[in-house]
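> Got a structure for you, questions after.
Number of protein chains: 2
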Amino acid sequence: MEFKDNIPIYLQIEQYLYRQIALGKMKAGEKIPSVRKLALELTVNVNTVQRALQQMNDQGILYTKRGEGNFVTEDIELLAKTKQTLIDNQLDEFVQNMAKLGVERDSLVTVLEKYLKESEE
Amino acid sequence: MEFKDNIPIYLQIEQYLYRQIALGKMKAGEKIPSVRKLALELTVNVNTVQRALQQMNDQGILYTKRGEGNFVTEDIELLAKTKQTLIDNQLDEFVQNMAKLGVERDSLVTVLEKYLKESEE
DNA sequence: TTAGCTGTATTACATATCTATTACACTCAT
DNA sequence: ATGAGTGTAATAGATATGTAATACAGCTAA
Chain X
1 MEFKDNIPIY LQIEQYLYRQ IALGKMKAGE KIPSVRKLAL ELTVNVNTVQ RALQQMNDQG
61 ILYTKRGEGN FVTEDIELLA KTKQTLIDNQ LDEFVQNMAK LGVERDSLVT VLEKYLKESE
121 E
Chain H
1 MEFKDNIPIY LQIEQYLYRQ IALGKMKAGE KIPSVRKLAL ELTVNVNTVQ RALQQMNDQG
61 ILYTKRGEGN FVTEDIELLA KTKQTLIDNQ LDEFVQNMAK LGVERDSLVT VLEKYLKESE
121 E
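Residue numbers (UniProt numbering), protein chains in the order written: chain X, 1 to 121; chain H, 1 to 121.
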């Protein structure tokens with residue numbers, strides 16, 4: 001996996017895993033790959049993977065069975081809410097960033113439509 | 001100014017200055033505050049400001065008169081193009097991030113409209 | 001019980017970022 | 001010429017991030 005510079009890798013891994021869940025590629029109760037496999041896949045150190053997982057553990061998205069592995073929570077509501085939060089965060093950020101560039105709320109839809117039309121291919 | 005953790009401050013300052021330009025608060029040919037003033041304003045070290053300015057210098061947005069200060073380029077076209085690029089980058093990122101969360105291109109406008117309506121107040 | 005898989009912890013090292021401090025170089029108004 | 005304002009450079013120290021290597025601890029299947 002290619003990581004952006006200037007953003008900690010462990011955060012990018014966390015984001016990656018969150019997206020896997022949002023996309024339904026990791027489902028409730030499922031075991032996720034071991035820290036060592038993930039470290040290999042992502043060409044990153046075990047400790048860095050570990051750090052990402054710890055945070056998701058704290059947030060209840062994953063739970064750990066020591067000696068067995070990490071598993072996606074079985075709390076379906078939490079998963080759904082998490083996905084929605086991820087989407088809402090993107091929307092928040094988008095609206096805020098555009099405002100900081102002088103693009104008003106009212107023109108956002110128009111701007112987006114134009115952009116989508118022009119980048120069709 | 002409040003800075004996000006996890007993103008280098010000098011990048012956030014650079015972004016801040018770009019936005020000032022996009023908003024027209026810093027106009028072509030104008031002198032910008034001295035590195036020491038900016039450092040005070042932003043409660044940050046002079047070196048950190050310096051680092052942000054160097055990059056903008058390299059990109060031609062600013063030019064330096066040693067002993068006098070830093071000035072916004074007089075190249076109006078470049079300024080306009082820069083603003084447009086900033087906006088396009090936000091759109092790019094938004095579309096890509098939403099895709100990574102499973103929100104398709106076709107539904108983006110609808111999702112945005114709904115979001116804007118619901119967050120009115 | 002043992003082998004091989006899990007997660008976890010610790011240590012040491014390298015690099016990037018940021019601060020603080022000091023010094024230097026240039027320009028302009030006086 | 002001098003002083004006050006500019007940008008620039010260099011050093012030292014603190015903290016965060018990431019790697020590498022090693023060791024430990026728990027689970028499961030053979």
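Virtual Cβ for every residue (Gly too), placed ideally from N, Cα, C.
Quick check: the Cα distance between residue 64(H) and residue 35(H), rounded to an integer number of angstroms?
Within the second sequence, numbered from 1, the residue matching residue 64(H) stands at position 64. Within the second sequence, numbered from 1, the residue matching residue 35(H) stands at position 35. In a straight line, the C-alpha of residue 64(H) is about 11 Å away from that of residue 35(H).
> Over the uninterrupted alpha helix (DSSP H) stretch that includes residue 94(H), give me the two end residues.
Along the second sequence, read from residue 1 onward, the residue named residue 94(H) stands at position 94. In this chain, the alpha helix (DSSP H) harbouring residue 94(H) covers 76 to 100.
> Below 8 Å between beta carbons is the criterion; list the residues of the segment 96 to 115 of chain X that meet it against any residue of chain H, in chain order.
97, 98, 100, 101, 102, 103, 105, 108, 109, 111, 112, 113 and 115
> Residue 62(H) by DSSP, collapsed to three states: which one?
Locating residue 62(H) in the second sequence gives position 62, where the first residue counts as 1. Looking at residue 62(H) - three-state DSSP - the assignment turns out to be strand.
> Looking at residue 72(H) and residue 28(H), is the spacing between their C-beta atoms short of 8 Å?
Counting from one through the second sequence, the residue named residue 28(H) turns up at place 28. Counting from one through the second sequence, the residue named residue 72(H) turns up at place 72. Their beta carbons are under 8 Å apart, which means residue 28(H) touches residue 72(H) by this criterion.
> Can a CB atom of chain X be found closer than 8 Å to the CB of residue 90(H)?
Position 90 of the second sequence, counting from 1, holds the residue named residue 90(H). Yes - at least one Cβ of chain X is within 8 Å of the one on residue 90(H).
> Going by DSSP in three states, residue 117(X) sits in which element: helix, strand or coil?
As a first step, residue 117(X) is located in the first sequence; it is residue number 117 there, counting from the start. It is helical.
> Within a Cβ cutoff of 6 Å, which residues of the same chain sit near residue 12(H), ignoring the five residues on either side of it in sequence?
In the second sequence, the residue the question calls residue 12(H) occupies position 12. Answer for residue 12(H): 3, listed in chain order.
> Tell me, which residues are paired with residue 71(H) by DSSP?
Here residue 71(H) refers to the residue found at position 71 when the second sequence is read from its first residue. Answer is 31(H) and 63(H).
> Does residue 23(X) come within less than 8 Å of chain H when only Cβ atoms are used?
Reading the first sequence from its first residue, position 23 is the one you call residue 23(X). With 8 Å as the cut-off, residue 23(X) counts as an interface residue toward chain H.
> Decide if the segment 103 to 121 of chain H is in contact with the segment 107 to 114 of chain X; the criterion is three or more beta carbon pairs, one per stretch, under 8 Å apart.
yes
> To the nearest angstrom, report how far apart residue 38(H) and residue 68(H) are at their CA atoms.
Position 38 of the second sequence holds residue 38(H). Position 68 of the second sequence holds residue 68(H). Answer to the nearest angstrom: the Cα atoms are 15 Å apart.
> Which same chain residues end up closer than 8 Å to residue 79(H) when comparing Cβ atoms and leaving out the 5 residues on each side of it in sequence?
The sequence position of residue 79(H) within the second sequence is 79, counting from 1. Answer for residue 79(H): 21, 28, 61, 72 and 73, listed in chain order.
> Pick helix, strand or coil for residue 7(X), following the three-state DSSP scheme.
Translated into the one-based positions of the first sequence, residue 7(X) becomes position 7. Coil at residue 7(X), not helix or strand.
> What three-state label does DSSP hand residue 41(H) in the structure shown?
The residue you call residue 41(H) lines up with position 41 of the second sequence. The answer is helix: DSSP assigns residue 41(H) an H, G or I state.
> Given a cut-off of 8 Å on the beta-carbon distance, is the pair residue 9(X) and residue 48(X) in contact?
In the first sequence, residue 9(X) corresponds to position 9, counting from 1. In the first sequence, residue 48(X) corresponds to position 48, counting from 1. Their beta carbons are under 8 Å apart, which means residue 9(X) touches residue 48(X) by this criterion.
> Mind checking if residue 47(H) is an interface residue toward chain X, Cβ cutoff 8 Å exclusive?
Counted from its first residue, the second sequence places residue 47(H) at position 47. With 8 Å as the cut-off, residue 47(H) does not count as an interface residue toward chain X.
> Relative to the C-alpha of residue 121(H), which candidate in 105(X), 44(X) and 58(X) has its C-alpha closest?
Residue mapping note: residue 121(H) aligns to position 121 of the second sequence, counting from 1. Out of 105(X), 44(X) and 58(X), 105(X) has the C-alpha closest to the C-alpha of residue 121(H).
> Below 8 Å, how does it come out for the segment 95 to 103 of chain H and the segment 85 to 101 of chain X: are there three or more Cβ pairs, yes or no?
yes
> With C-beta atoms as the reference, is residue 145(X) less than 8 Å away from residue 86(X)?
The structure shown has nothing for residue 145(X), since chain X only spans 1 to 121.
> Just how far apart, CA to CA, sit residue 97(X) and residue 57(X)?
Counted from its first residue, the first sequence places residue 97(X) at position 97. Counted from its first residue, the first sequence places residue 57(X) at position 57. Roughly 30 Å separates the two Cα atoms.
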